[in-house]
Amino acid sequence: MSKKDELPIAIIGAGIGGLTLALALLKQNKSVRLFEKVSRFAQIGAGLSLAPNCAKVLQRLGVLKNIAPLADTPESGFILLGDSGEQIHNTPFSKIESIFGYPYYQIHRARCHQLLVDEVLAHDPDCIEMNAELLAIDQSGEQICLDFIHQRKQRVACVIGCDGVRSAVRKLYFDETAPLFTGYVAWRALVPMNDIDATYQQPVSFVNLMHQRQLVHYPINLGQYLNVAAFAEQDWQIESWTEPADIEEMHSVYSDFRPSVHELIDAIDPEHCFKWALYDRDPIDHWSKEKVVLMGDAAHPMLPYLGQGAAMAIEDAWYLSQAIAIYDDYETAFSAFQRARKTRTDWVLQESRAAGQRFATEKPSAETYADDKAMSTKVMFGFDPIAECEQAYSSAA
Ligand SMILES: Cc1cc2nc3c(=O)[nH]c(=O)nc-3n(C[C@H](O)[C@H](O)[C@H](O)COP(=O)(O)OP(=O)(O)OC[C@H]3O[C@@H](n4cnc5c(N)ncnc54)[C@H](O)[C@@H]3O)c2cc1C
């Protein structure tokens, strides 16, 4: 059967995870269709941290050479008390490259996403179907038929749900429960570097911390913008990338932070500052069933406090593409993938929650970060998804 006649592998959701998976499968010359619900990608103004563990996959797929020149690489990650500015912790990011082989990249999220879109389309210009919101999966015997809101039905070989924390595939096949509001909200903004003091240009990632609130900032776009991400406990439950924020409210939430933090908040353009509620889900035992599987946030959404959610989706994409290459049928490949990934993603998920609890501490201090396993051990950044994946599937090879 020619590739033209093959039923395609269906990937639902063209986020960072779905795109990375599509690229990995296209490189194996597989027939792939990526179905995305939005009609055009939003230019989300936000930073994205790409740690060495996922950089290895991007390197293997040949996209790191395009991402790296557009990324900033911090030398340090300082945690400061919000009121006094006293430093309570430092992650020496400058040493990361020599220890783990890759630096800690921080990049404009929309640029990284677009680079992946370009790379996928360079391999197959027809791969991505926009405005294709999955509604139903009809599986009878060998046949799988997908139904979309604005598209005609599609027959496919298997289904991979990369459709995020509110995954339709998860709801249809694995878990009918809804994500739970965490009690925390986030604000995100990009501040043009020209609008703020030159001291912000230093290649450092800062976390300003007080009880149940943190305000993070680091340069992106090669120092053109300061990425600001602020988190606080609040009962406000709208989940959207485009809900406008109220700058006065930010001043009030961070009222006990030192004046320089308020100067930074003042520099934020309210038109380009967005607020959204953070949702979480408990891990589920099974992400794969017959010819349907979940990966990325659809399988194991991560709270953002370690900056590892996209990294886990990228690691997943590598493991899943390799399972499809190695195993004879999708069902076996999908269950091998889940077996290989569950321990790792459960651990990162728990560590992301623990990082959230650290910033909720009433009186944060150096001790609060003394047991920060995620940042202080090799387990997070030193994880080699390429070698570990080979090892995990070695008995099948
Ligand atoms: C404030 C914040 C900061 C973060 N910072 C970082 C960071 O610095 N580093 C990091 O590694 N992670 C970070 N994360 C986490 C990261 O954004 C996610 O873990 C990551 O985007 C997950 O990728 P994904 O591809 O699994 O899902 P998503 O990126 O959520 O992509 C899902 C895609 O599926 C589409 N879709 C949804 N439903 C359907 C449907 N029914 N049919 C078709 N398409 C559908 C969506 O439109 C979307 O394009 C952060 C998260 C937050 C909230």
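Plus 41 on top of the position in the sequence shown (first one is 1) and you've got the numbering used here. For each residue, glycine too, the CB sits at the ideal point set by N, CA and C.
Going by DSSP, name the residue or residues bridged to Ala227. Ala227 is bridged by DSSP to Phe272, Trp317.
Take every Cβ of the region 348-365, pair it with every Cβ of the region 315-330, and state whether three or more of those distances are shorter than 8 Å. Between the region 348-365 and the region 315-330 there are fewer than three inter-stretch CB-CB distances shorter than 8 Å, so the stretches are not counted as touching.
Ile57 to Glu138 span [Cα, whole Å]: 23 Å
Are Ser208 and Leu335 touching if we call contact CB-CB under 9 Å? yes
Could you check the C-alpha separation between Gln432 and Pro426 for me, to the nearest Å? 10 Å
At the level of alpha carbons, what is the spacing between Ser72 and Val161? 12 Å
How many angstroms separate the CA atom of Ala354 from the CA atom of Asp369? 24 Å
Is any heavy atom in ligand 1 found nearer than 8 Å to the beta carbon of Cys430? no
Spatially closest choice to Asp338 from Glu47, Leu48, Cys186, Ile53, by CA coordinates: Ile53
Please state whether DSSP places Ser435 in a helix, a strand or coil. helix
Any idea what DSSP makes of Gly56, helix, strand or coil? coil
Whose C-beta lies closer than 8 Å to the C-beta of Leu62 among residues of the same chain, with five residues either side of it excluded? Ile52, Ile201, Cys203, Met336, Asp357, Ala358, Leu361, Ser362
Decide if the region 76-88 is in contact with the region 224-239; the criterion is three or more beta carbon pairs, one per stretch, under 8 Å apart. Touching, per the Cβ criterion.
Looking only at its chain, what residues have a beta carbon closer than 6 Å to the beta carbon of Leu121, apart from the 5 residues adjacent to it on each side? Gln128, Asn249
Burial state of Lys194, where buried means 16 or more other Cβ atoms lie within 10 Å: Per the 10 Å Cβ criterion, exposed.
Within 10 Å of its beta-carbon, does Pro93 have 16 or more other beta-carbons around it, so buried, or fewer, so exposed? buried
Glu47 burial status per 10 Å Cβ neighbour count (16 or more: buried): An exposed status is given to Glu47, since fewer than 16 other beta-carbon atoms sit within 10 Å of its beta-carbon.
Quick one: is Ser417 buried, meaning 16 or more other Cβ sit within 10 Å of its Cβ, or exposed? The pLDDT assigned to Ser417 is 49, lower than 50, so where the model puts this residue is not dependable; a value taken from the coordinates is nonetheless given after this. Counting Cβ neighbours within 10 Å, Ser417 comes out exposed, since fewer than 16 surround it.
Hey, would you say the C-beta of Arg322 is under 8 Å away from at least one heavy atom of ligand 1? no
Going by DSSP, what residue range makes up the beta strand (DSSP E) through Ser74? The residue you asked about is not Ser; residue 74 is Arg in the sequence shown. Unbroken beta strand (DSSP E) run through Arg74: 73-76.
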